[in-house]
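Chemist: Take a look at this one; I'll ask things after.
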Amino acid sequence: MGTPVSEGGMARVRRTGRVGRVGVVIGLLMAVLTGCSFTEVLYFGWPEGVTEQATQMRLLWTGSTLAALAVGVLVWGLIFWACIFHRRKNRELPKQTAYNLPLEITYTIIPFLIVAVLFFYTVVVQTDVQRQAADPDLVVEVTG
């Protein structure tokens, strides 16, 4: 009656709960002890710019980083979901999905669209950043 369950059951629940709490504490400590201000965290390491071009490049950097984080969270979530909910419970092989044309087209189109959108915004920002003003405020001549 008072013996712990060693196989599955309560011992596994206690261990998982403890590991989860330790993970949350470590994550919070990593976020709090970085020494970054809230603005620096939102900029993902990009310094505060002075010019309009610096602001555009920061926005591109932040958007690209957020897109990468979203894709990463989705992929890791799907990996963990598959590992947890599709573990082999018996000796039968799972249903095979080879040659599933709609699925393969989706797996091809989505990364292509992500790269195309990032390329588009990169070209827009690059064109604006490299544009030369007709009457600049300051002209620097370099000789040598």
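Here our numbering is used: the first residue of the sequence shown is 1349, the next is one more, and so on.
Glycine included, each C-beta is placed from N, C-alpha and C at the ideal position.
Fair warning: this is a prediction, and the values are worked out from it, not measured in the lab.
(1) Taking C-alpha atoms, which residue in A1446, W1409, P1395, Y1455 lies nearest to V1423?
(2) Write down every uninterrupted run of the alpha helix (DSSP H) in the region 1371-1396 whose length is 4 residues or greater and which is fully enclosed by it, in chain order.
(3) Please determine, among F1467, I1462, L1414, the residue with the shortest C-alpha to C-alpha distance to G1393.
(4) Go ahead and pull the three-state DSSP assignment for V1488.
(5) Suppose you measure from the CA of G1350 to the CA of E1452; what does that come to, to the nearest Å?
(6) Identify which residue in V1488, P1484, A1430 has its Cα closest to the Cα of P1442.
(7) Around the C-beta of V1488, are 16 or more other C-beta atoms found within 10 angstroms, so that it is buried, or is it exposed?
(8) Do the region 1402-1422 and the region 1459-1473 touch if we need at least three Cβ pairs shorter than 8 Å?
(9) Judging by CA-CA distance, which residue of V1373, S1412, G1397 is the nearest neighbour of F1467?
Modeler: Checking against the coordinates, here is how it stands:
(1) The shortest C-alpha separation from V1423 is found at Y1455.
(2) Counting only runs of 4 or more, we get 1386-1391.
(3) Nearest in C-alpha terms to G1393, of all of F1467, I1462, L1414, is L1414.
(4) In the three-state DSSP reduction, V1488 falls in the coil class, being neither helix nor strand.
(5) Note on G1350: pLDDT 47, under 50, position unreliable in the model; no value is reported.
(6) Here the closest residue by C-alpha is A1430.
(7) Exposed: under 16 other Cβ atoms inside 10 Å.
(8) Flag = yes, the region 1402-1422 and the region 1459-1473 touch.
(9) With distances taken between Cα atoms, F1467 lies closest to S1412.
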